[in-house]
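Sequence positions in the sequence shown follow the UniProt record's numbering and run 1 to 532. All C-beta atoms in this analysis are idealised placements derived from N, C-alpha and C, irrespective of residue type, glycine included. Owing to the predicted nature of the structure, the values given are computational and were not obtained by experimental measurement. Report on the structure given below.
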Amino acid sequence: MKLAPEGAMQFGMASLRICEALMKANPDYGPVYMYKNGMSDGFYRIQLSTTGALKLGVILPRFEGLPQLVALPLVLPMGWTESPPWFCAFTETVADLTNVDLQQNKRVPPHPLGRAAAITDFEVRDTQVVRPIPKSHQPLTYQRPLKKMEVFVDDFVGMGQDHPSNPLTNQRAVLSHNIDKVFRPNRPTDNQWRKEPQSQSKMAKGDASWHTVKEALGWNWGATTKTLQLKEKRVSKALSLLGEVLDCKRVSLKQWQQVLGVLQSLQPGMSGSEGHFSLLQEALIRQVDCRVRLTPEVREQLEIFQNGHAKRPTTLEELVPGVDLHVGACDAAKLGRGGVWFTDGGEAIVWREPYQEAVKKEVISDHNLTGKLTNSDLELEGTVLHHFALGKTAQVEGKTTYTGYQLLATVQDAERRELLDDIRAVELGIERGVCPSRVAKAHSVWTAWVAFCESLTLDPGLSAVDDPLLIFLLFGTQWQRGKIAPSKRQVRGRTAEDAMRQVGQAFSSLGLLDPRMNRYAPGTMDFVGHGC
Numbered sequence: 001m002k003l004a005p006e007g008a009m010q011f012g013m014a015s016l017r018i019c020e021a022l023m024k025a026n027p028d029y030g031p032v033y034m035y036k037n038g039m040s041d042g043f044y045r046i047q048l049s050t051t052g053a054l055k056l057g058v059i060l061p062r063f064e065g066l067p068q069l070v071a072l073p074l075v076l077p078m079g080w081t082e083s084p085p086w087f088c089a090f091t092e093t094v095a096d097l098t099n100v101d102l103q104q105n106k107r108v109p110p111h112p113l114g115r116a117a118a119i120t121d122f123e124v125r126d127t128q129v130v131r132p133i134p135k136s137h138q139p140l141t142y143q144r145p146l147k148k149m150e151v152f153v154d155d156f157v158g159m160g161q162d163h164p165s166n167p168l169t170n171q172r173a174v175l176s177h178n179i180d181k182v183f184r185p186n187r188p189t190d191n192q193w194r195k196e197p198q199s200q201s202k203m204a205k206g207d208a209s210w211h212t213v214k215e216a217l218g219w220n221w222g223a224t225t226k227t228l229q230l231k232e233k234r235v236s237k238a239l240s241l242l243g244e245v246l247d248c249k250r251v252s253l254k255q256w257q258q259v260l261g262v263l264q265s266l267q268p269g270m271s272g273s274e275g276h277f278s279l280l281q282e283a284l285i286r287q288v289d290c291r292v293r294l295t296p297e298v299r300e301q302l303e304i305f306q307n308g309h310a311k312r313p314t315t316l317e318e319l320v321p322g323v324d325l326h327v328g329a330c331d332a333a334k335l336g337r338g339g340v341w342f343t344d345g346g347e348a349i350v351w352r353e354p355y356q357e358a359v360k361k362e363v364i365s366d367h368n369l370t371g372k373l374t375n376s377d378l379e380l381e382g383t384v385l386h387h388f389a390l391g392k393t394a395q396v397e398g399k400t401t402y403t404g405y406q407l408l409a410t411v412q413d414a415e416r417r418e419l420l421d422d423i424r425a426v427e428l429g430i431e432r433g434v435c436p437s438r439v440a441k442a443h444s445v446w447t448a449w450v451a452f453c454e455s456l457t458l459d460p461g462l463s464a465v466d467d468p469l470l471i472f473l474l475f476g477t478q479w480q481r482g483k484i485a486p487s488k489r490q491v492r493g494r495t496a497e498d499a500m501r502q503v504g505q506a507f508s509s510l511g512l513l514d515p516r517m518n519r520y521a522p523g524t525m526d527f528v529g530h531g532c
């Protein structure tokens, strides 16, 4: 029986919370600084119980003439699947204790390692230009100086603004003392080779010093300039991989998956690249005999990544939603597409454009089953034009927009029978998809969602639920643990996120509010479910 607290492993969420905290920091309280404090010897800091050690024993190879030896670990071993959640439970506890003390402005005595941690304080500064807070994010700024701690496995990332109520030196000391509460510090009687829980080698490199730009979690964070910057090492690796495949007509499936993985990992740091992966994913789907064909269109897309990877750092307002200033709605059908915008200045922008006859002939219908375009294709193109129209007629830089759809108002008040009809329409739309493998996967996810809701005596649209996000997160947890996943085995968190995302997209296609969205701030993602 697995007893480790899997919820302690909040992989992928730390970066999002750092983005939010830095974006909401109020510049009236001065520049924002960051520091990073790492642990030494990680898992080996957590001791095992006597019964636990026996369960993890390993029989060593037997040598002739010698007795049989058995190795019993005394601490969390590397390679055991329950080691990460147990260790994360300890480090998350340290972060929670630290955040409580920081919010209470608790003063603590200087820590013995404080001088080593401050070796390069304030010496490294961001070269990017400080920009004013965008209008969309001004209402969201904190009313007090920023002082916050985040953790990813064994890396603590602190963010703060220097203020008499809680100086930066005190903020760093708060973390060090809380680490000592959970992980025993060295004593004078300890062996000379025993290391302090806090990594002194990383302190010597300046990791634990306060800087306005800090390398953490694979990124360079511009704390004061509110930017996310690419690390040179990651950029060099991406450019090397692109150089290897650009001149090829075909590449191996493994190599292509590596290229996609590296590019997608860099996506947050390449501004505007989020919508540039469709062609690359399609090439992956159309692979034959584990060989991926690179068409001229695919190579052109790769060249875009190669030439535009570092035009500018990503601003955090691009990653953290603000208050919706431009609100509109759009729709599309065979006859044409159109929409309306209401700007923050009180103006209304109305646009409409019919489709050409050549496009109308390609739309799939009961009378044209051989067409190539679905209504979803038309709506996607209409949404692009909708934002293009806004950009041509209003100021959009630094402003958050929200787009609604025609069915939103009607479906919310639909009766259960009408809702079930819409759900069956979604199932039919899934079955008429383009890629058989993706269709089958999406259909199995939706079937599992319907069965999950029925087990809780809920309708699949969650119309009677006060907080749909809780039900949605429960679905993701049970999927990850294998209770409702088709494989009936535990899966990776990323796989569970994909399943939740597909259900959320089905909600949107019905005109219902995606459970991942914040009900109290329309158009913004609820950060509790942002990983979905």
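>> Rounded to whole angstroms, what is the Cα-Cα separation between residue 314 and residue 307?
In response: For this step, residue 314 is matched to residue 314 along the sequence shown. For this step, residue 307 is matched to residue 307 along the sequence shown. Using only the alpha carbons, I get a separation of about 16 Å.
> Would you call residue 354 buried or exposed, if buried means 16 or more other Cβ atoms sit within 10 Å of its Cβ?
Replying inline: Numbered from its first residue, the sequence shown carries residue 354 at position 354. Counting Cβ neighbours within 10 Å, residue 354 comes out exposed, since fewer than 16 surround it.
> By how many angstroms is the C-alpha of residue 75 removed from the C-alpha of residue 239?
Replying inline: The residue you call residue 239 lines up with position 239 of the sequence shown. The residue you call residue 75 lines up with position 75 of the sequence shown. Each residue's CA atom was taken as its position, placing residue 239 and residue 75 some 41 Å apart.
>> According to DSSP, simplified to helix, strand and coil, what is residue 314?
In response: Numbered from 1 along the sequence shown, position 314 holds the residue referred to as residue 314. Residue 314 falls in the strand class under three-state DSSP.
> What residues in its chain sit with their C-beta under 7 Å from that of residue 2, if we drop five residues either side in the sequence?
Replying inline: Within the sequence shown, numbered from 1, the residue matching residue 2 stands at position 2. Within the same chain, residue 2 has close Cβ partners 82.
>> Checking the sheet assignment: what are the DSSP bridge partners for residue 59?
In response: Locating residue 59 in the sequence shown gives position 59, where the first residue counts as 1. In the DSSP assignment, the residues bridged to residue 59 are 70.
> In its own chain, which residues sit with a C-beta less than 8 Å from the C-beta of residue 108, not counting the 5 before and 5 after it?
Replying inline: Your numbering for residue 108 matches position 108 in the sequence shown. Excluding positions up to five away in sequence, the list reads 101, 170, 173, 174, 177.
> Ordered along the chain, which non-local residues of its own chain (more than five positions away) have a Cβ less than 6 Å from that of residue 85?
Replying inline: Here residue 85 refers to the residue found at position 85 of the sequence shown. Correct list, in chain order: 4, 5, 6, 8, 9.
> Pick from 208, 475, 287, 237: whose alpha carbon is nearest that of residue 159?
Replying inline: Within the sequence shown, the letter at position 159 stands for residue 159. Measuring from the Cα of residue 159, the nearest candidate turns out to be 208.
>> Does residue 358 pass the burial test, meaning 16 or more other C-beta atoms within 10 Å, or should it be called exposed?
In response: Numbered from its first residue, the sequence shown carries residue 358 at position 358. Exposed: under 16 other Cβ atoms inside 10 Å.
> Is the beta carbon of residue 472 sitting closer than 9 Å to the one on residue 445?
Replying inline: Residue 472 sits at position 472 when you count from the first residue of the sequence shown. Residue 445 sits at position 445 when you count from the first residue of the sequence shown. No.
> Residues in its own chain within less than 7 Å of residue 351 by CB, not counting five upstream and five downstream?
Replying inline: Position 351 of the sequence shown, counted from the start, is the residue given in the question as residue 351. Taken in chain order, the residues that qualify are 338, 339, 389.
> Ends of the alpha helix (DSSP H) at residue 115?
Replying inline: Within the sequence shown, numbered from 1, the residue matching residue 115 stands at position 115. From DSSP, the alpha helix (DSSP H) with residue 115 extends over 114-117.
> Roughly how many angstroms separate the alpha carbons of residue 56 and residue 516, rounded to a whole number?
Replying inline: The residue given as residue 56 occupies position 56 in the sequence shown. The residue given as residue 516 occupies position 516 in the sequence shown. Taking C-alpha positions only, residue 56 is separated from residue 516 by approximately 40 Å.
> In this structure, does DSSP put residue 434 in helix, strand or coil?
Replying inline: Translated into positions along the sequence shown, residue 434 becomes position 434. Any answer about residue 434 is weak, because its pLDDT of 45 lies below 50 and its placement is not dependable; what the coordinates show is given next. In this structure, residue 434 counts as coil in the three-state DSSP scheme.
> With 16 as the cutoff for other CB atoms within 10 Å, does residue 480 come out buried or exposed?
Replying inline: Start at 1 with the first residue of the sequence shown, and residue 480 comes out as number 480. It is buried - the Cβ of residue 480 has at least 16 other Cβ atoms within 10 Å.
> Just curious, the alpha helix (DSSP H) that residue 395 is in, first and last residue?
Replying inline: On the sequence shown, residue 395 is found 395 positions in, with the first residue counted as 1. Careful: residue 395 lies outside any alpha helix (DSSP H) and carries neither H nor E.
>> Quick check on residue 516: does DSSP put it in helix, strand or coil?
In response: The sequence position of residue 516 within the sequence shown is 516, counting from 1. Coil, per DSSP.
> What separation, rounded to the nearest whole angstrom, lies between the Cα atoms of residue 151 and residue 288?
Replying inline: Within the sequence shown, the letter at position 151 stands for residue 151. Within the sequence shown, the letter at position 288 stands for residue 288. Near 42 Å, if we compare the C-alpha coordinates of residue 288 and residue 151.
> Among the residues of its own chain, which have a CB less than 6 Å from the CB of residue 485, if the five just before and after it don't count?
Replying inline: For the purposes of this step, residue 485 is taken as the residue at position 485 of the sequence shown. 479, 491.
> When we look at the beta-carbon of residue 210 and count the other beta-carbons within 10 Å, is it buried (16 or more) or exposed?
Replying inline: Numbered from its first residue, the sequence shown carries residue 210 at position 210. Classification of residue 210: buried, given that the 10 Å Cβ count is 16 or more.
>> When you compare the region 296-307 with the region 232-249, are there three or more beta-carbon pairs, one atom per stretch, that lie closer than 8 Å?
In response: yes
> Is there contact here, the region 227-238 with the region 212-219, by at least three beta-carbon pairs under 8 Å?
Replying inline: The region 227-238, when compared against the region 212-219, does touch it at the 8 Å Cβ threshold.
> Can you check whether the CB of residue 153 is closer than 9 Å to the CB of residue 79?
Replying inline: Here residue 79 corresponds to residue number 79 of the sequence shown, with the count starting at 1. Here residue 153 corresponds to residue number 153 of the sequence shown, with the count starting at 1. Going by C-beta atoms, residue 79 is not nearer than 9 Å to residue 153.
>> Classify residue 464: buried if its beta carbon has 16 or more other beta carbons within 10 angstroms, exposed otherwise.
In response: Taking the sequence shown and counting its residues from 1, the one referred to as residue 464 is at position 464. A residue is called buried when at least 16 other Cβ atoms come within 10 angstroms of its Cβ; residue 464 does not meet this threshold and is exposed.
> Taking the Cβ atom as the reference point for each residue, do residue 592 and residue 316 lie within a distance shorter than 9 Å?
Replying inline: There is no way to answer for residue 592, as the model of the chain reaches only from 1 to 532.
>> Tell me which residue opens and which closes the beta strand (DSSP E) that residue 156 is part of.
In response: Walking along the sequence shown from the start, residue 156 turns up at place 156. Note, residue 156: beta strand (DSSP E), 155-160.
> Candidates 258, 468, 162: which alpha carbon is nearest residue 31's?
Replying inline: Position 31 of the sequence shown holds residue 31. Looking from the CA of residue 31, the closest CA among 258, 468, 162 belongs to 162.
> Across which residues does DSSP place residue 214 in a beta bridge pair?
Replying inline: Here residue 214 corresponds to residue number 214 of the sequence shown, with the count starting at 1. 221, per the DSSP bridge assignment.
> Looking only at its own chain, which residues have a Cβ that is under 6 Å from the Cβ of residue 320, when we skip the five neighbours before and after it?
Replying inline: Indexing the sequence shown from 1 puts residue 320 at position 320. The answer, listed in chain order, is 19, 20, 23.
> In whole angstroms, what separates the C-alpha of residue 335 from that of residue 376?
Replying inline: By one-based count along the sequence shown, residue 335 stands at place 335. By one-based count along the sequence shown, residue 376 stands at place 376. Distance between the alpha carbons of residue 335 and residue 376 is about 14 Å.
> When DSSP builds the beta bridges, which residues end up paired with residue 250?
Replying inline: By 1-based counting over the sequence shown, the position of residue 250 is 250. The partner list for residue 250 (beta bridge, DSSP) reads 293.
>> Please report the distance separating the alpha-carbon of residue 182 from that of residue 312.
In response: As a working note, residue 182 is residue 182 in the sequence shown. As a working note, residue 312 is residue 312 in the sequence shown. Going by the C-alpha atoms only, they are around 41 Å apart.
> Can you tell me where the alpha helix (DSSP H) with residue 139 in it begins and where it stops?
Replying inline: For this step, residue 139 is matched to residue 139 along the sequence shown. Looking at the DSSP string, residue 139 is not in any alpha helix (DSSP H), and its letter there is neither H nor E.
>> Quick check: the Cα distance between residue 331 and residue 383, rounded to an integer number of angstroms?
In response: Position 331 of the sequence shown holds residue 331. Position 383 of the sequence shown holds residue 383. Spanning the two alpha carbons is a distance of roughly 8 Å.
> In this structure, does DSSP put residue 341 in helix, strand or coil?
Replying inline: As a first step, residue 341 is located in the sequence shown; it is residue number 341 there, counting from the start. DSSP places residue 341 in strand when its eight states are reduced to three.
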